[in-house]
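To keep things clear, I will list the structure first and then write my remarks on it.
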Amino acid sequence: MDNTIVATHESHAEEHHHHASLPQHRHHFETEEQQREAGTFGMWLFLLTEIMFFGGLFFAYLLYRNWYNPAFVAASNQLSIPLGTVNTAVLITSGFFMALAVWAAEVRKKGMLVLMLVLTTVFGLGFLGVKYFEYKEKWEKHHIPGANFDISEFVNPPLNPKTGKPTEEPLAPDMAQKTQVFFSLYFAMTGMHALHMIIGIGLLFWYTARAQRGDFSSGYVAPIENFALYWHFVDIVWIFLFPLLYLINRHPV
Amino acid sequence: MSSQHHDPANVTNPEHAEHHIVGPKTYAIIFITLLTFTGITVAAAFVNLGILNPIVALAIASTKAVIVILFFMHVYYQSKLVKMTVAAGFFTFLILITMTLTDYISRAWGLW
Chain A
348 MDNTIVATHE
358 SHAEEHHHHA
368 SLPQHRHHFE
378 TEEQQREAGT
388 FGMWLFLLTE
398 IMFFGGLFFA
408 YLLYRNWYNP
418 AFVAASNQLS
428 IPLGTVNTAV
438 LITSGFFMAL
448 AVWAAEVRKK
458 GMLVLMLVLT
468 TVFGLGFLGV
478 KYFEYKEKWE
488 KHHIPGANFD
498 ISEFVNPPLN
508 PKTGKPTEEP
518 LAPDMAQKTQ
528 VFFSLYFAMT
538 GMHALHMIIG
548 IGLLFWYTAR
558 AQRGDFSSGY
568 VAPIENFALY
578 WHFVDIVWIF
588 LFPLLYLINR
598 HPV
Chain B
339 MSSQHHDPAN
349 VTNPEHAEHH
359 IVGPKTYAII
369 FITLLTFTGI
379 TVAAAFVNLG
389 ILNPIVALAI
399 ASTKAVIVIL
409 FFMHVYYQSK
419 LVKMTVAAGF
429 FTFLILITMT
439 LTDYISRAWG
449 LW
């Protein structure tokens with residue numbers, strides 16, 4: 348503590364100190380930069396726990412995809428690549444607007460910040476909207492794991508009207524049952540991802556109201572910055588979910 | 339100012355990264371890049387690459403993730419502490435995956 352007093356009595360130190368005058372600057376941080384870095388550091392530690400959490404699901408997918416490959420291929424091909432692609436673009440766009448929101452807060456443009464947060468929210472909701480229709484289709488086709496799960500489409504795949512051949516490799520009934528493992532993981536992973544988005548959208552409403560009040564346009568950007576880290580993390584999860592669930596099974600080895 | 343004395347205010351030897359504001363132009367370039375990679379990964383899914391299909395898809399996904407982490411998440415502009423934290427986290431994650439996988443592969447693979 349002695350040293351602190353020595354340091355702050357130096358004229359140099361005072362020069363560097365007087366710009367740290369935000370009301371949000373906590374007294375236990377020496378400088379604004381230190382406070383900011385501590386916040387970023389803490390946010391990243393949280394995100395790393397999230398990586399471990401989603402990592403467990405990704406590992407389960409890796410393992411079961413290898414064990415029940417034919418079932419995973421057939422079940423994965425039930426997903427719509429166009430919808431998945433559109434949703435990937437929608438989510439990346441949402442992330443882009445979130446990145447711009449951070450910029451708007453840093454250059455203290457209140458109107459721009461509010462607009463970017465609203466656009467982030469709109470595209471986030473758009474993603475969930477597409478997801479709703481994807482889930483609905485699975486519900487209608489009885490592709491939700493459980494007592495009402497229907498394996499008929501995997502045992503007797505529909506015939507291609509042109510060639511008269513099955514559109515998909517027919518599965519033996521016991522392997523066809525394993526498509527439930529794929530759909531369990533599909534719903535667990537995309538559902539957990541969607542839950543993160545719902546939480547994020549809830550936070551976005553709150554931050555938009557606070558941004559409108561001017562909370563983040565006078566130099567205090569930490570909440571926006573750290574929320575952006577969370578939002579981009581959710582993007583990254585989807586960046587991996589999309590190829591793994593939708594794309595890699597089109598050409599079974 | 340002497341360099342020997344303790345410097346809690348990080349004045350003589352600032353270890354915290356100067357705050358860097360990333361502008362809309364950079365974000366726009368990153369945005370276009372991410373959309374392009376999305377297009378490439380979808381196109382690649384329709385080409386029969388055999389065993390390489392999942393590898394290509396994961397390589398593209400990892401590239402996209404790294405771009406997002408470095409620029410959208412500003413890690414490129416952060417201090418060494420933050421860079422080390424992020425790198426250590428992913429490294430630990432890879433260790434966990436590898437060790438769990440060695441366990442599965444070496445036990446009853448093919449006997450389920």
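In the order they appear, the protein sequences are chains A and B.
Residue numbers for the first sequence follow the working numbering, so the first one is 348 and each next one is one higher.
Residue numbers for the second sequence follow the working numbering, so the first one is 339 and each next one is one higher.
Cβ atoms here follow ideal geometry from the backbone N, Cα and C, with glycine treated the same way.
Quick one: using the 10 Å Cβ neighbour count with 16 as the cut-off for buried, is residue i buried or exposed?
| i | result |
| --- | --- |
| Met463 of chain A | buried |
| Arg560 of chain A | exposed |
| Lys402 of chain B | buried |
| Pro392 of chain B | buried |
| His603 of chain A | Since the first residue shown for chain A is 348 and the last is 600, residue 603 of chain A is missing from the structure and cannot be characterised. |
| Gln381 of chain A | buried |
| Arg373 of chain A | exposed |
| Gly493 of chain A | exposed |
| Gly471 of chain A | buried |
| His490 of chain A | buried |
| Ser400 of chain B | exposed |
| Asn495 of chain A | exposed |
| Ser564 of chain A | buried |
| Ala446 of chain B | exposed |
| Leu588 of chain A | buried |
Would you verify that the beta carbon of residue i is, or is not, closer than 9 Å to some beta carbon of chain B?
| i | result |
| --- | --- |
| Asp521 of chain A | no |
| Ile398 of chain A | yes |
| Tyr593 of chain A | yes |
| Glu500 of chain A | no |
| Gly473 of chain A | no |
| Thr526 of chain A | no |
| Ile571 of chain A | no |
| Thr418 of chain A | At residue 418 of chain A the sequence reads Ala, which differs from the Thr that was named. Cβ-Cβ to chain B under 9 Å: no for Ala418 of chain A. |
| Gly402 of chain A | yes |
| Ala422 of chain A | no |
| Ala535 of chain A | no |
Using a Cβ-Cβ cut-off of 8 Å (strictly less than) and excluding sequence neighbours within five positions of residue i, which residues of its own chain qualify?
| i | result |
| --- | --- |
| Val360 of chain B | Phe409, His412 and Tyr415 |
Run down chain B in chain order and give the residues with a C-beta less than 9 Å from the C-beta of residue i.
| i | result |
| --- | --- |
| His598 of chain A | Ala383, Phe384, Val385, Asn386, Leu387, Gly388 and Asn391 |
| Val454 of chain A | Ile359 and Gly361 |
| Asp497 of chain A | Within chain B, no residue comes near Asp497 of chain A; the closest Cβ sits about 24 Å away, beyond 9 Å. |
| His579 of chain A | Val406, Ile407, Phe410 and Met411 |
| Leu462 of chain A | In chain order: nothing, as chain B lies at least about 13 Å away. |
Establish whether the CB of residue i and some CB of chain A are separated by less than 9 Å.
| i | result |
| --- | --- |
| Ser417 of chain B | yes |
| Thr379 of chain B | yes |
| Thr430 of chain B | yes |
| Ile496 of chain B | With chain B represented from 339 up to 450, any question about residue 496 of chain B goes unanswered, as that position is not in the structure. |
| Ile407 of chain B | yes |
| Ile435 of chain B | yes |
| Val424 of chain B | yes |
Just to confirm, is the Cβ distance from residue i to residue j under 9 Å?
| i | j | result |
| --- | --- | --- |
| Leu591 of chain A | Leu434 of chain B | no |
| Leu438 of chain A | Asp582 of chain A | yes |
| Ile440 of chain A | Ile586 of chain A | Going by the sequence as given, residue 440 of chain A is Thr instead of Ile. Result no, Cβ atoms of Thr440 of chain A and Ile586 of chain A do not sit closer than 9 Å. |
| Arg412 of chain A | Phe529 of chain A | yes |
| Leu404 of chain A | Ala535 of chain A | yes |
| Met459 of chain A | Leu447 of chain A | yes |
| Tyr577 of chain A | Leu394 of chain A | yes |
| Glu481 of chain A | Leu430 of chain A | yes |
| His543 of chain A | Val584 of chain A | yes |
| Ala383 of chain B | Tyr479 of chain A | no |
| Pro504 of chain A | Glu487 of chain A | no |
| Ile378 of chain B | Val406 of chain B | no |
| Glu484 of chain A | Ser427 of chain A | yes |
| Ile571 of chain A | Ala558 of chain A | yes |
| Phe401 of chain A | Thr468 of chain A | no |
| Thr376 of chain B | Thr432 of chain A | yes |
| Leu439 of chain B | Leu409 of chain A | yes |
| Trp450 of chain A | Pro362 of chain B | yes |
So with CB distances below 8 Å, who are the chain B contacts of residue i?
| i | result |
| --- | --- |
| Ala436 of chain A | Leu373 and Thr376 |
| Gly476 of chain A | None at all; the shortest Cβ gap to chain B is about 19 Å. |
| Phe553 of chain A | At residue 553 of chain A the sequence reads Trp, which differs from the Phe that was named. In chain order: nothing, as chain B lies at least about 21 Å away. |
| Ile439 of chain A | Phe369, Leu372, Leu373 and Thr376 |
Within a Cβ cutoff of 6 Å, which residues of the same chain sit near residue i, ignoring the five residues on either side of it in sequence?
| i | result |
| --- | --- |
| Glu453 of chain A | Val568 |
| Phe501 of chain A | Ala421, Leu518, Ala523 and Thr526 |
| Phe419 of chain A | Arg412 and Phe529 |
| Phe406 of chain A | none |
CB-CB under 7 Å to residue i, same chain, minus the five flanking residues each way: which ones, in chain order?
| i | result |
| --- | --- |
| Phe574 of chain A | Leu550 and Tyr554 |
| Val420 of chain B | Val413 |
| Leu373 of chain B | none |
| Asn625 of chain A | Examination of residue 625 of chain A is not possible in this model, given that chain A is present from 348 through 600 alone. |
What does residue i reach in chain A if we use C-beta pairs closer than 8 Å?
| i | result |
| --- | --- |
| Tyr365 of chain B | Phe443, Ala446, Leu447 and Trp450 |
| Thr403 of chain B | The sequence as given places Ala at residue 403 of chain B; Thr does not occur at that position. Near Ala403 of chain B (Cβ distances below 8 Å), the residues of chain A are Ile583, Ile586 and Phe587. |
| Ala395 of chain B | Pro590, Leu591, Leu594 and Ile595 |
Starting from the beta carbon of residue i, find every residue of chain A whose beta carbon is closer than 7 Å, and list them in chain order.
| i | result |
| --- | --- |
| Tyr442 of chain B | Leu410 |
| Ala399 of chain B | Ile586, Phe587 and Pro590 |
Taking residue i as the query, report the chain B residues whose CB atoms sit under 7 Å from its CB, ordered along the chain.
| i | result |
| --- | --- |
| Thr387 of chain A | Gln416 and Val420 |
| Phe406 of chain A | Ile435 and Thr438 |
| Leu395 of chain A | Gly427 |
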